[in-house]
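Chains as they are written, first to last, in my numbering: chain A, 423 to 728; chain B, 423 to 728; chain C, 423 to 728; chain D, 423 to 728. Ideal placement from N, C-alpha and C gives every residue a C-beta, glycine not left out. Worksheet: one structure, shown below.
Number of protein chains: 4
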Amino acid sequence: MSESQFRGVIPPVVIPLDENRKLDLEALERSINRMIDAGVDGLFFLGSSGEVAFLTDAQRYHVLQEAVAMVNNRVPVLAGIIDMETMRVVDQAKRAKGYGVDALVATAPFYALGGPKEVERHFRAIREHTDLPLFAYDLPVCVHTKLDPTMLVRLGTDGVIQGVKDSSGDDVLFRWLCIENEQAGHPLQVLTGHEVCVDGAYMAGADGSVPGLANIDPVSYVEQWRAYQSGDWERVRELQDHLARLMFVTRVVKATVGFGAGVGAFKTALWQMGVFNTNQMREPVQALEGEDVQAIVEVLKREGMM
Amino acid sequence: MSESQFRGVIPPVVIPLDENRKLDLEALERSINRMIDAGVDGLFFLGSSGEVAFLTDAQRYHVLQEAVAMVNNRVPVLAGIIDMETMRVVDQAKRAKGYGVDALVATAPFYALGGPKEVERHFRAIREHTDLPLFAYDLPVCVHTKLDPTMLVRLGTDGVIQGVKDSSGDDVLFRWLCIENEQAGHPLQVLTGHEVCVDGAYMAGADGSVPGLANIDPVSYVEQWRAYQSGDWERVRELQDHLARLMFVTRVVKATVGFGAGVGAFKTALWQMGVFNTNQMREPVQALEGEDVQAIVEVLKREGMM
Amino acid sequence: MSESQFRGVIPPVVIPLDENRKLDLEALERSINRMIDAGVDGLFFLGSSGEVAFLTDAQRYHVLQEAVAMVNNRVPVLAGIIDMETMRVVDQAKRAKGYGVDALVATAPFYALGGPKEVERHFRAIREHTDLPLFAYDLPVCVHTKLDPTMLVRLGTDGVIQGVKDSSGDDVLFRWLCIENEQAGHPLQVLTGHEVCVDGAYMAGADGSVPGLANIDPVSYVEQWRAYQSGDWERVRELQDHLARLMFVTRVVKATVGFGAGVGAFKTALWQMGVFNTNQMREPVQALEGEDVQAIVEVLKREGMM
Amino acid sequence: MSESQFRGVIPPVVIPLDENRKLDLEALERSINRMIDAGVDGLFFLGSSGEVAFLTDAQRYHVLQEAVAMVNNRVPVLAGIIDMETMRVVDQAKRAKGYGVDALVATAPFYALGGPKEVERHFRAIREHTDLPLFAYDLPVCVHTKLDPTMLVRLGTDGVIQGVKDSSGDDVLFRWLCIENEQAGHPLQVLTGHEVCVDGAYMAGADGSVPGLANIDPVSYVEQWRAYQSGDWERVRELQDHLARLMFVTRVVKATVGFGAGVGAFKTALWQMGVFNTNQMREPVQALEGEDVQAIVEVLKREGMM
């Protein structure tokens with residue numbers, strides 16, 4: 423296991439809004455402190471769960487500015503530099519660096535797809551323009567490209583990337599990524615984006631996790647990580663079963679599908695638990711209402727979160 | 423057939439670069455003039471073929487500023503406002519308007535997908551923030567959502583959008599879009615993004631075409647449009663066969679796939695024909711070389727373009 | 423245009439069932455005669471619309487036996503030999519031949535997918551075991567492989583296949599198939615499986631069409647083909663618009679999706695028009711009822727079919 | 423944990439062929455005995471790895487007849503009844519039963535897709551025609567439908583199915599299936615089809631595994647199962663890492679993709695290990711040769727299998 427500072431539980435931070443759909447700084451600070459107090463090992467801003475796609479550039483950098491100040495070096499801050507193609511990502515990287523973040527997280531190019539040569543060149547080009555630690559973000563559901571494990575380890579060995587956040591849902595390739603990474607001397611910090619199968623990812627040798635659900639229950643993810651570190655697999659599994667059932671907050675939503683059901687459920691849970699002041703979402707997504715809110719509350723109660 | 427100014431052949435403008443991958447203004451003006459002289463009815467900047475995804479915001483607006491000046495009101499200028507989600511698109515819309523373009527072109531949200539409710543709300547939200555004519559850009563290969571014909575006609579009837587650029591490749595739904603549009607009184611200008619099946623789209627009742635290949639052979643597309651207007655279907659068909667064979671420039675590429683093979687072939691053809699000074703592409707795409715260039719030249723010669 | 427007997431309008435025959443979901447021979451003969459009287463140039467049994475996937479082998483060969491007798495050499499009979507992989511298809515081919523059909527129609531392998539080498543070898547292996555004219559059936563929606571135009575023309579030049587039934591919905595590749603076929607001396611009879619864009623396929627140079635909707639309105643498809651043969655493109659287009667609107671029978675269905683909505687709507691229309699005695703479907707598909715039937719009737723009335 | 427006889431390690435049996443691509447009974451018996459001697463808890467014939475799609479019906483029932491005799495009640499025999507749609511599957515079920523198998527395994531309908539109603543009706547219709555224990559086989563890579571966990575548990579509670587073989591690769595839904603199954607009183611035996619992430623599936627509560635790789639290394643899978651039963655998670659994990667590296671036999675293949683690379687690598691390994699007499703595949707798949715064979719041997723040696 424590496425000595426990197428980028429290991430353990432690093433939640434992607436969900437962003438609270440007020441009733442006018444503006445950034446709610448008070449709730450943001452409450453949520454950040456709640457996660458740090460629970461013992462998380464880092465925080466990832468401007469990820470998919472952090473509504474990076476829905477924020478204008480001005481809003482993105484407002485979030486980063488406030489977040490870095492609120493975190494105040496208590497844990498490392500990772501920042502998503504999510505944009506369509508290479509030079510737009512480089513643009514985001516340069517600006518994010520100015521706000522004092524500790525690492526950057528970039529996906530493969532999306533919108534106009536190419537082949538594996540373009541994907542690899544993309545990460546190498548970003549590195550040529552930035553010096554912060556860089557994580558490759560594997561998220562085919564948004565990016566429509568699966569990152570190849572062999573390429574990732576090659577990028578790690580060459581010092582292009584320092585780690586991977588794997589939200590691919592492809593646990594076979596994740597295992598093979600972990601194996602190839604070990605065989606190469608562990609150049610990469612390999613983080614799973616799973617919420618529901620983190621125990622399997624730890625079995626595979628993950629260096630940490632980046633679960634959106636940790637916004638709701640950071641304590642259990644932190645305890646699970648520590649149980650893993652101490653070899654208590656039955657506890658790892660037991661906590662995972664609780665968290666898998668808690669993730670039903672996203673399964674009970676009936677009014678919409680996709681992002682609005684996923685992050686929409688997280689925001690609704692945080693609102694009902696008193697961490698957020700609303701469950702507002704950004705355009706074009708609407709906040710969940712009525713029966714959906716009630717169904718989410720029932721899941722929270724069943725799992726002892728309320 | 424409507425009296426709209428947005429009809430006929432409206433090429434998406436491919437953007438020339440110099441050897442340093444910087445915008446080549448001389449070549450851009452030559453290409454624009456060449457298309458206007460051929461009789462095109464409009465020009466579409468910052469579309470997919472216009473490398474919108476590869477341009478930083480500063481580069482995007484540099485292109486628009488120069489393009490509007492170069493076109494100088496000879497034909498209408500449409501501008502892509504392509505970004506991930508609603509408020510980022512609105513941001514692009516506001517800036518594009520400042521440069522004096524005549525219409526805006528927006529896709530559905532991409533990156534974080536939702537359902538049909540979010541797609542419809544997205545276009546309505548853009549309209550609330552903009553007053554320029556707005557075209558919906560249906561491009562599932564990049565956007566991963568197919569726009570529903572019934573929704574499009576409803577948006578047209580409600581004055582939200584003025585037209586559609588259909589690059590879906592789904593000719594059944596295109597036909598149904600044309601039929602539903604007629605039944606509603608033709609609220610939409612329906613433009614096909616096809617290069618190879620424009621004759622079929624005209625059979626279906628399209629109001630025009632937006633073919634990337636018209637950068638290479640604008641004369642044939644303009645003649646095809648005029649043949650269609652005069653009911654000379656055999657000429658429409660004959661020109662289409664030529665253009666379908668000319669599109670083989672994108673099929674003969676072996677070195678890469680996707681965008682680099684498509685727009686890469688267009689740039690290489692324009693370079694070899696003397697319209698562009700190079701065939702440079704933006705990161706992470708590499709310019710075509712060697713055998714690929716030779717194969718493209720052979721297609722051009724076979725179709726009488728060189 | 424080739425002198426092949428496999429050209430013009432060749433409907434895939436929809437199979438009528440009685441109330442007990444058994445083959446309804448009386449209705450089958452009525453429907454066959456109705457299409458032959460309308461002037462169709464061939465009939466295709468055991469295609470997707472012919473419920474080939476839903477029939478046991480015994481039922482498949484019962485259909486073929488009766489169909490060959492009913493058609494009685496008035497038009498050529500094509501038979502689908504649809505099965506999962508090569509040797510199962512060969513098995514089907516041998517049996518179909520015994521019933522006196524004129525040509526065979528086979529898809530690429532499905533279930534266990536391979537690459538292009540396996541697809542090409544598959545058709546060559548079928549040819550080694552059969553001597554009837556063989557058509558390649560390009561149907562990615564069921565088969566999950568798109569047949570490559572260059573491979574198809576190579577198979578044609580080598581005498582492996584005599585033609586293609588293209589139900590891919592990819593009109594660009596269809597155009598290129600037609601062009602490559604011409605350049606090779608027209609070894610293939612290229613038939614479109616479109617219902618809604620047959621005019622575009624004729625523009626591309628198709629040798630005929632295989633539209634399921636011709637079970638409902640064979641007269642219009644036959645007239646359209648003849649208009650195409652005489653160069654009356656305006657009539658081709660006008661008939662296509664009618665047929666495209668008639669195809670709304672499949673769009674108005676609300677109770678289900680996929681095959682049950684498509685062929686289910688065809689059966690319901692034929693039942694309401696008095697050609698079939700029921701609209702029964704085979705397990706696990708349920709016959710359409712209530713509002714769906716009413717909506718289909720309205721489409722039929724609007725298009726003058728009732 | 424249920425007392426069902428269908429639990430533990432149940433390999434899908436890979437079928438050996440001789441040089442003429444005929445069933446090699448000697449090698450089949452050797453491989454069956456090797457797996458039973460290693461302690462497997464059942465054997466699954468006519469699954470995807472068992473080339474069910476490539477066998478004619480006559481060949482399928484030849485395999486079953488011989489297999490049942492060779493196994494001779496030492497372990498339960500499960501038989502795939504894989505066909506396109508419901509009544510063809512029922513046909514297969516009736517015949518398989520005659521050969522004395524202990525359970526049947528059926529996928530959702532494929533070829534002509536419907537919606538969730540048709541999928542559920544399909545399994546209920548099979549049950550109406552059969553009385554043997556029935557497993558639902560979730561294999562979207564071949565079937566193009568993902569089975570919904572809630573539907574599966576409902577089918578279990580209603581006595582329609584006795585279990586699930588999950589080869590979906592969707593470990594989130596697998597976890598939720600296990601959770602819903604527990605909440606319903608464990609009506610289903612839930613078996614994972616993973617080779618590489620079996621430890622994660624055991625963490626989730628799987629009742630067993632059906633790994634094709636167990637044809638090559640049955641001893642390790644059996645030991646892994648027993649370690650899981652005794653709570654020795656470190657040993658479960660260690661064995662999994664070995665098996666994940668052994669699965670590289672399928673990753674080193676360069677000559678083809680898909681089934682030919684997967685099962686082709688298994689056959690090549692078994693041949694090189696002396697269990698099979700050849701690595702022949704059925705049409706249209708070709709046996710692996712040269713460098714691919716060598717690369718597979720190297721993996722086997724590295725993992726101590728040769």
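| query | Within 7 Å (strictly less), CB to CB, does Val632 (chain C) reach chain D? | reply | On the third sequence, residue 632 (chain C) is found 210 positions in, with the first residue counted as 1. False, the Cβ-Cβ gap to chain D never drops below 7 Å.
| query | What residues match up with Ser631 (chain B) in a beta bridge as DSSP calls it? | reply | For the purposes of this step, residue 631 (chain B) is identified with residue 209 of the second sequence, where counting begins at 1. DSSP lists B:Val431, B:Thr614 as the bridge partner or partners of Ser631 (chain B).
| Whole-angstrom distance between Gln514 (chain B) and Ala489 (chain A), CA atom to CA atom | Within the first sequence, numbered from 1, the residue matching residue 489 (chain A) stands at position 67. Within the second sequence, numbered from 1, the residue matching residue 514 (chain B) stands at position 92. Roughly 26 Å separates the two Cα atoms.
| Cβ neighbour criterion (16 or more within 10 Å) applied to Asn442 (chain C) | Position 20 of the third sequence holds residue 442 (chain C). So Asn442 (chain C) counts as exposed.
| query | Under a three-way DSSP split, which group does Ser684 (chain A) fall into? | reply | What you label residue 684 (chain A) is simply residue 262 of the first sequence in a count that begins at 1. The sequence shown places Gly at residue 684 (chain A), rather than the Ser named in the question. It is helical.
| field | Nonlocal neighbours in the same chain, by C-beta distance under 7 Å from Arg597 (chain D), ignoring five residues either side | value | Residue 597 (chain D) sits at position 175 when you count from the first residue of the fourth sequence. Listed in chain order, the non-local C-beta contacts of Arg597 (chain D) below 7 Å within the same chain comprise Ala626, local neighbours out to five positions each way being set aside.
| task | Taking only runs that begin and end inside the stretch 482 to 565 of chain C, name each unbroken alpha helix (DSSP H) of 4 or more residues, in chain order. | result | Runs of the alpha helix (DSSP H) lying entirely within the stretch 482 to 565 of chain C and spanning at least 4 residues, in chain order: 508 to 520, 538 to 551, 562 to 565.
| said: On the criterion of 16 or more Cβ atoms from any shown chain inside 10 Å, does Met423 (chain C) qualify as buried, or is it exposed? | reply: Counting from one through the third sequence, the residue named residue 423 (chain C) turns up at place 1. Because the pLDDT at Met423 (chain C) is just 45, under 50, the model does not fix this residue reliably, and the point stays unresolved.
| request: Identify the continuous alpha helix (DSSP H) that holds Asp663 (chain C) and give its terminal residues. | output: Here residue 663 (chain C) is taken as the residue at index 241 of the third sequence, counted from 1. Boundaries of the alpha helix (DSSP H) around Asp663 (chain C): 655 to 668.
| So is Met423 (chain A) in contact with chain D if we call contact Cβ pairs under 7 Å? | The residue you call residue 423 (chain A) lines up with position 1 of the first sequence. Its pLDDT being 45, under 50, Met423 (chain A) is placed unreliably by the model, and the measurement read from it follows with that caveat. Cβ-Cβ to chain D under 7 Å: no for Met423 (chain A).
| Is it right to say Ser652 (chain C) is buried, meaning 16 or more other beta carbons lie within 10 angstroms of its own, or is it exposed? | Position 230 of the third sequence, counting from 1, holds the residue named residue 652 (chain C). Residue burial is scored here from C-beta neighbours: Ser652 (chain C) has fewer than 16 other C-beta atoms within 10 angstroms and is therefore classed as exposed.
| query | Anyone know if the C-beta pair for Ala518 (chain A) and Ala501 (chain A) falls short of 7 Å? | reply | In the first sequence, the residue the question calls residue 518 (chain A) occupies position 96. In the first sequence, the residue the question calls residue 501 (chain A) occupies position 79. By the CB criterion at 7 Å, Ala518 (chain A) and Ala501 (chain A) fall inside the cutoff.
| said: Going by the DSSP bridge assignment, what does Gly585 (chain D) pair with across the sheet? | reply: The residue labelled residue 585 (chain D) in the question sits at position 163 within the fourth sequence. Looking at the DSSP output, Gly585 (chain D) shares a beta bridge with D:Phe557, D:Gln611.
| Are there three or more Cβ pairs, one per stretch, closer than 8 Å when the stretch 466 to 473 of chain C is compared with the stretch 702 to 711 of chain B? | No: the two stretches stay apart, fewer than three of their Cβ pairs being nearer than 8 Å.
| Chain-ordered residues of the stretch 533 to 554 of chain C with a beta carbon less than 7 Å from chain D | Cβ contacts with chain D come from Tyr533, Ala534, Leu535, Gly536, Gly537, Lys539, Glu540, Arg543, His544, Ala547.
| task | Please name the residues in the stretch 491 to 517 of chain C whose beta-carbon is closer than 9 Å to at least one beta-carbon of chain F, in chain order. | result | No chain F appears in this structure, whose protein chains are A, B, C and D.
| field | Cβ-Cβ distance between Asp580 (chain D) and Asp593 (chain A) below 7 Å | value | Reading the fourth sequence from its first residue, position 158 is the one you call residue 580 (chain D). Reading the first sequence from its first residue, position 171 is the one you call residue 593 (chain A). Result no, Cβ atoms of Asp580 (chain D) and Asp593 (chain A) do not sit closer than 7 Å.
| task | Go ahead and pull the three-state DSSP assignment for Leu468 (chain A). | result | Here the question's residue 468 (chain A) lines up with position 46 in the first sequence. In the structure shown, Leu468 (chain A) sits in coil (DSSP, three-state: anything other than H, G, I, E or B).
| Alpha carbon to alpha carbon, what distance is there between Lys689 (chain A) and Asp440 (chain A)? | Along the first sequence, read from residue 1 onward, the residue named residue 440 (chain A) stands at position 18. Along the first sequence, read from residue 1 onward, the residue named residue 689 (chain A) stands at position 267. Cα to Cα, the separation comes out at about 12 Å.
| message | Considering Cα atoms alone, identify which of B:Asp588, B:Lys723, B:His608, B:Asp524 is closest to Thr614 (chain B). | response | If you number the second sequence from 1, residue 614 (chain B) lands on position 192. The shortest Cα separation from Thr614 (chain B) among B:Asp588, B:Lys723, B:His608, B:Asp524 belongs to B:Asp588.
| query | Can you list the residues of chain D that Gln662 (chain A) reaches, using a CB-CB cut of under 9 Å? | reply | The sequence position of residue 662 (chain A) within the first sequence is 240, counting from 1. Under the 9 Å cutoff, chain D gives Arg597, Met625, Ala626.
| task | Count the other CB atoms, across all protein chains shown, that sit within 10 Å of the CB of Glu656 (chain B); report buried if there are 16 or more and exposed otherwise. | result | Taking the first residue of the second sequence as position 1, residue 656 (chain B) is located at position 234. Exposed, because fewer than 16 other Cβ atoms sit within 10 Å of the Cβ of Glu656 (chain B).
| Reduced DSSP category for Leu569 (chain D) - H, G, I as helix; E, B as strand; rest coil | Within the fourth sequence, numbered from 1, the residue matching residue 569 (chain D) stands at position 147. DSSP places Leu569 (chain D) in coil when its eight states are reduced to three.
| field | When C:Glu507, C:Asp553, C:Leu668, C:Glu451 are compared against Val719 (chain C), the one with the closest alpha-carbon | value | Position 297 of the third sequence holds residue 719 (chain C). When only C-alpha atoms are compared, the closest one is C:Leu668.
| task | Compute the distance between the beta-carbons of Gly461 (chain D) and Val721 (chain D), then report whether it is under 7 Å. | result | Residue numbering aside, residue 461 (chain D) sits at position 39 when the fourth sequence is read from its first letter. Residue numbering aside, residue 721 (chain D) sits at position 299 when the fourth sequence is read from its first letter. Taking 7 Å as the Cβ cut-off, Gly461 (chain D) and Val721 (chain D) do not qualify as a contacting pair.
| Trp647 (chain B): contacting residues in chain C (beta-carbon distance under 8 Å) | In the second sequence, counting from the first residue as 1, residue 647 (chain B) sits at position 225. Simply none; closest approach about 15 Å.
| message | So, at 6 Å on beta carbons, what are the nonlocal neighbours of Pro434 (chain A) in its own chain, with the 5 sequence-adjacent residues on each side left out? | response | Against the first sequence, residue 434 (chain A) aligns to sequence position 12. Same-chain partners within the cutoff: Phe466, Gly469, Ser471, Gly472, Val632, Gly634.
| task | Mind checking the stretch 685 to 705 of chain D against chain C and listing, in chain order, the residues whose C-beta falls within less than 9 Å of any C-beta there? | result | Result list: Val685, Arg704, Glu705.
| query | When the Cα atoms are used, what is the spatial distance from Gly680 (chain D) to Arg673 (chain D)? | reply | Residue 680 (chain D) sits at position 258 when you count from the first residue of the fourth sequence. Residue 673 (chain D) sits at position 251 when you count from the first residue of the fourth sequence. Straight-line Cα distance between these residues: approximately 11 Å.
| task | Just confirm the distance between the C-beta atoms of Gln584 (chain A) and Pro555 (chain A), as a whole number of angstroms; I'd bet it's less than 8 Å. | result | One-based indexing of the first sequence puts residue 584 (chain A) at position 162. One-based indexing of the first sequence puts residue 555 (chain A) at position 133. Rounded, the Cβ-Cβ distance is 4 Å, consistent with contact.
| message | Give me the residue from C:Leu535, C:His616, C:Leu450 with the minimum Cα distance to Phe476 (chain D). | response | For this step, residue 476 (chain D) is matched to residue 54 along the fourth sequence. Checked all of C:Leu535, C:His616, C:Leu450; the closest Cα to Phe476 (chain D) is C:Leu535.
| Beta-carbon spacing of Val586 (chain D), Leu610 (chain D) below 7 Å | Sequence index remark: in the fourth sequence, residue 586 (chain D) carries index 164 (1-based). Sequence index remark: in the fourth sequence, residue 610 (chain D) carries index 188 (1-based). Pairing Val586 (chain D) with Leu610 (chain D) gives a Cβ-Cβ distance under 7 Å.
| Taking a cut of 9 Å between CB atoms, which residues from the stretch 603 to 626 of chain B lie near chain A? | Along the stretch 603 to 626 of chain B, none of the residues has a CB nearer than 9 Å to a CB of chain A.
| query | Exposed or buried, what is Ala480 (chain C) when buried is set at 16 or more other beta-carbons lying within 10 Å of its beta-carbon? | reply | For the purposes of this step, residue 480 (chain C) is identified with residue 58 of the third sequence, where counting begins at 1. Ala480 (chain C) sits exposed, since fewer than 16 C-beta atoms from the chains shown fall within 10 Å of its C-beta.
| said: Can you check whether the C-beta of Ile601 (chain C) is within less than 7 Å of a C-beta belonging to chain B? | reply: As a first step, residue 601 (chain C) must be located in the third sequence, where it is residue number 179. Put simply, the CB of Ile601 (chain C) is near chain B, with a gap under 7 Å to one of its CB atoms.
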